[in-house]
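Colleague:
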Amino acid sequence: IYPSDSGRILIEGKQIKFKSPMDAKKLGISTVHQRMEEILASNHDVTANIFMGEELTKPILGSFLRVLDKTQMDREAEEVLSRIRINIDSVKRPIASYSGGQRQAVAISQAIYRIPKILILDEPCAALGISESLEILKLIKHLHQEDISIIFISHNLEQIFRVVDRIIVLRNGRKVGECEAEKTDMEKIVSLIVGAK
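Just so we're aligned, residue 5 is where the sequence shown starts under the numbering used here, counting upward by one.
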């Protein structure tokens with residue numbers, strides 16, 4: 005995590021400083037990064053990707069030794085995918101065998117497995133085709149109905165207007181505008197983006 009140069013982050017009215025991604029996770033913040041290859045291991049199966057770094061274990065030989073509980077992880081991976089209406093035929097297949105949209109859905113499943121308070125999606129449709137992007141946008145709308153606050157970062161205004169309640173425009177690291185999506189249009193947002201008067 006890069007330290008902030010200025011400004012502050014408030015969560016539930018309290019100022020927060022993060023030292024690591026784990027600090028953010030502990031506060032209920034999950035992120036799906038733009039580049040899937042940075043967060044998914046293509047040679048591992050869907051379950052391994054959803055639980056990466058948070059694997060479930062079970063004891064063997066009393067409490068002396070613990071091993072991965074693959075059965076429980078498969079079951080919970082199927083449950084999270086079902087909850088967000090993602091069609092994956094087998095959680096045991098390598099992630100590389102799925103489409104870009106399905107891989108992105110797995111990345112989102114990884115981020116929401118622990119049911120975050122805040123989900124940050126950084127250009128979640130950037131590397132996807134039109135139909136895959138539409139599926140991800142439907143998924144984002146569904147997640148919003150589950151009372152997960154979503155920060156949707158995108159340069160695609162059409163996608164933004166499909167899924168957001170409020171639009172905040174940043175230029176050169178500064179907030180230059182904020183409006184409710186229903187009360188604005190693309191022309192006004194473009195003028196904020198480019199700095200037109």
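No residue lacks a Cβ here, since even glycine has one placed at the ideal position from N, Cα and C.
Please state whether DSSP places Glu59 in a helix, a strand or coil.
Modeller: coil
Colleague: Between Arg170, Asp93, Ser195, Val194, which lies nearest to Glu184 when the distance is taken from Cα to Cα?
Modeller: Arg170
Colleague: Grouping DSSP H, G and I as helix and E and B as strand, with all else coil, what is Gln38?
Modeller: DSSP, read as helix, strand or coil, puts Gln38 in coil.
Colleague: To the nearest angstrom, report how far apart Phe22 and Glu42 are at their CA atoms.
Modeller: In this structure, the CA atom of Phe22 is about 20 Å from the CA atom of Glu42.
Colleague: Could you compute how far the alpha carbon of Asp189 sits from the alpha carbon of His159?
Modeller: 15 Å
Colleague: Where does Lys23 fall in DSSP's three states?
Modeller: coil
Colleague: To the nearest angstrom, how far is it from the Cα of Ser10 to the Cα of Gly177?
Modeller: 10 Å
Colleague: For Arg1, does the count of other Cβ atoms within 10 angstroms reach 16, so buried, or fall short, so exposed?
Modeller: Absent from the structure is residue 1, since the part of the chain shown begins at 5 and ends at 201.
Colleague: If Met40 sits next to Arg107, beta carbons under 8 Å apart, how far is it from one beta carbon to the other, in whole angstroms?
Modeller: The pair is a contact, with the Cβ atoms about 6 Å apart (cut-off 8 Å).
Colleague: With a threshold of 6 Å on Cβ separation, who are the neighbours of Ser94 within its own chain once the five nearest residues in sequence on each side are excluded?
Modeller: none
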